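Quick mapping for you: the protein sequence lines, in order, are chains A and B. Letter by letter, the first sequence follows residues 1 to 233 in our numbering. Letter by letter, the second sequence follows residues 1001 to 1233 in our numbering.
Protein chains: 2
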Amino acid sequence: MLYQFTLKPMTDVKIIEIKKSVFADNDKDADALRSELKRRGVYLLNLMSAPGSGKTTTLIQTLNRIKDRIKVAVMEADIDSDVDAVKIKEATGIPSIQLHTGGMCHLDAEMTRQGLDNVSMDGVDLVILENVGNLVCPAEFDTGAVRNAMILSVPEGHDKPLKYPLMFTVCDLVIINKIDVMPYFDFDLEKCREYIHMRNPEARIIPICAKTGEGVDVLADWLVAEVQNWKQA
Amino acid sequence: MLYQFTLKPMTDVKIIEIKKSVFADNDKDADALRSELKRRGVYLLNLMSAPGSGKTTTLIQTLNRIKDRIKVAVMEADIDSDVDAVKIKEATGIPSIQLHTGGMCHLDAEMTRQGLDNVSMDGVDLVILENVGNLVCPAEFDTGAVRNAMILSVPEGHDKPLKYPLMFTVCDLVIINKIDVMPYFDFDLEKCREYIHMRNPEARIIPICAKTGEGVDVLADWLVAEVQNWKQA
């Protein structure tokens, strides 16, 4: 297995360059990581979406509502840029690191572990991994997370569960973002719910507007309860 | 090389299930395909974007403006669904086939060729390939197209060239779609132009609203001139 691993400081955020081996047995690695995190009492949430769905804004709004209730850390994956981790840190004060995937389209369990090795885990209840903006590849790789969540934004259209079946199948939570612009788009929320439940009948759906904060309380409460229930289980 | 290849008729549109070999030398295949298409006088355009950027609507508007000037065929790639090819055919009357990638995140040159083998090329000037909705992987694979084009929609944000560098580097044309909703999003068109030109100083940028048709005449004229110039070269 080959990893290229560099740390370079920039605007107060740790940036980690990650390279992945193509020979890894990812399902095994993911299960091992999940067990290890369970022992350490750290809940890992894998947050996925298409580019531009509002992952970072949603995170900022959510983090500001949960940070006094549970201890959180964030890993922001991006192909190249550093803007997300800086934004998170500035807007929430929560420790965030940036994972550079070096052009890669997803994170697998070993890449996730490389990131986690650089997170101060002392007393942390929840680590949120913001995956690469992509509705295809990230769905295929178990990161070792307890749960997968995704954001679908209104401008993308309600038909996306038909077109990206695996992503909607593997997600336990679908956040529907940008509901404030619903009047300007042909987005049918009921059809969207129906299509999501075709892929995963158990999926929890939470409509929000990350820009105004509408609905984010529901999301924040869900997340805190999730983590607490899991820790007590 | 292994291909699984099935034809099944549905709603008047040919659906082709494609599987790709991992051993292909894609750059060589792409150059060979490009040369062959050049000999046959068929211009191939590779159209890429994130999910939900409006590729199909843009195509419909454009096709209706060019179909009396040049002869066009369309290949719609999708992981699973058939809605796009049906929509194109119904709205424009233009021959469209659906390529199923079976979960794969991109098309390479051999997959493109498999599609082209199912297109009636007689007298066709232009084939438009609508690639899988994904800003990462499709950028890495030369399809054999004469040019790469992409759509960035306003709700995705003007910072996308910073986050998906390769996609913006390989595209000769960037269509900025959904400009009608610009007032509802923090989208800075001038910054977007600047970021796009950081990646590719030669990129042509055409702002449109596919829903209302605004700007599509410019796009249609550009495309017809492109094809005609290429055929005469």
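For each residue, glycine too, the CB sits at the ideal point set by N, CA and C. Computed from a predicted structure; not experimentally measured.
Assignment of ASP1084(B) by DSSP, reduced to helix, strand and coil, places it in the helix class. Contact check for VAL136(A) against VAL1119(B) fails: the beta carbons are separated by 8 Å or more.
Checking the DSSP bridge columns, you'll see ASN1148(B) partnered with ASN1046(B).
DSSP lists no beta-bridge partner residue for ASP108(A).
Taking 8 Å as the cut-off, the Cβ atoms of VAL1181(B) and PRO1155(B) count as close.
Taking C-alpha positions only, GLN1228(B) is separated from HIS158(A) by approximately 38 Å. Taken in chain order, the unbroken stretches of alpha helix (DSSP H) that lie wholly in the region 1111-1190 of chain B and span 4 residues or more are 1160-1163 and 1165-1170. In terms of beta-carbon proximity, ALA1085(B) stays away from the interface with chain A, with every pair separated by 8 Å or more. For the region 41-74 of chain A, the set of residues with a beta-carbon nearer than 7 Å to any beta-carbon of chain B comprises ALA50, PRO51 and GLY52, in chain order. With respect to the 8 Å criterion, ILE1018(B) and LEU1059(B) are not classified as neighbours on the basis of their beta carbons.
Between the beta-carbon of ILE16(A) and that of ILE97(A) there is about 6 Å, and that keeps the pair under the 8 Å contact cut. When the Cα atoms are used, ASN200(A) and GLN114(A) turn out to be separated by approximately 30 Å.
Think of a sphere of 7 Å around the beta carbon of GLU156(A): the chain B residues whose beta carbon falls inside it are PRO1051 and GLY1052, in chain order.
For ALA220(A) against THR143(A), the beta-carbon gap comes to about 22 Å, at or over 8 Å, which does not count as contact. Residue state for GLU90(A) is assigned as helix, using DSSP reduced to three classes. If you draw a 10 Å sphere on the C-beta of GLY1123(B), you find fewer than 16 other C-beta atoms in it, and that means exposed. Using a C-beta cut-off of 8 Å, the region 1064-1071 of chain B makes no contact with the region 169-180 of chain A, since fewer than three inter-stretch Cβ pairs fall below that distance. By the neighbour-count definition (other C-beta atoms within 10 Å, threshold 16), GLU194(A) is an exposed residue. By the neighbour-count criterion, in which a residue is buried when 16 or more other Cβ atoms sit within 10 angstroms of its Cβ, ALA50(A) is buried. For ALA73(A), the three-state secondary structure derived from DSSP is strand. A distance below 7 Å between beta-carbons, with the five flanking residues on each side excluded, links ASP1027(B) to the following residues of its chain, in chain order: ASP1142. For GLU202(A), there is no enclosing alpha helix (DSSP H), as DSSP marks it with neither H nor E. For ASN1131(B), the nearest beta carbon of chain A is not closer than 8 Å to its own beta carbon. DSSP, reduced to helix, strand and coil, places ASP78(A) within a strand of the structure shown. Only those residues of the region 160-176 of chain A whose C-beta falls short of 8 Å from the nearest C-beta of chain B are listed: LYS160, LEU162, LYS163, TYR164, PRO165 and LEU166. With contacts defined as CB atoms closer than 8 Å, VAL216(A) and THR62(A) qualify as a contacting pair. With contacts defined as CB atoms closer than 8 Å, VAL1086(B) and VAL1013(B) qualify as a contacting pair. The three-state secondary structure of ILE1016(B), taken from DSSP, is strand. Pairing PRO207(A) with LEU223(A) gives a Cβ-Cβ distance that is not under 8 Å.
Counting C-beta atoms within 10 angstroms of its own C-beta, GLU110(A) has 16 or more neighbours from the protein chains shown and is therefore classed as buried. A check of alpha carbon separations from ASP1117(B) across ALA1225(B), LEU1045(B) and LEU1099(B) identifies LEU1099(B) as the nearest. Per DSSP, ILE1208(B) lies in no beta strand (DSSP E) and is assigned neither H nor E. In the displayed model, SER53(A) falls within coil according to three-state DSSP, outside both helix and strand. Beta-bridge partners assigned by DSSP to ILE97(A): LYS14(A) and MET75(A).
Between ASP78(A) and chain B, the shortest Cβ-Cβ separation is below 8 Å.
Annotation for ALA30(A): the continuous alpha helix (DSSP H) segment containing it runs 26-40.
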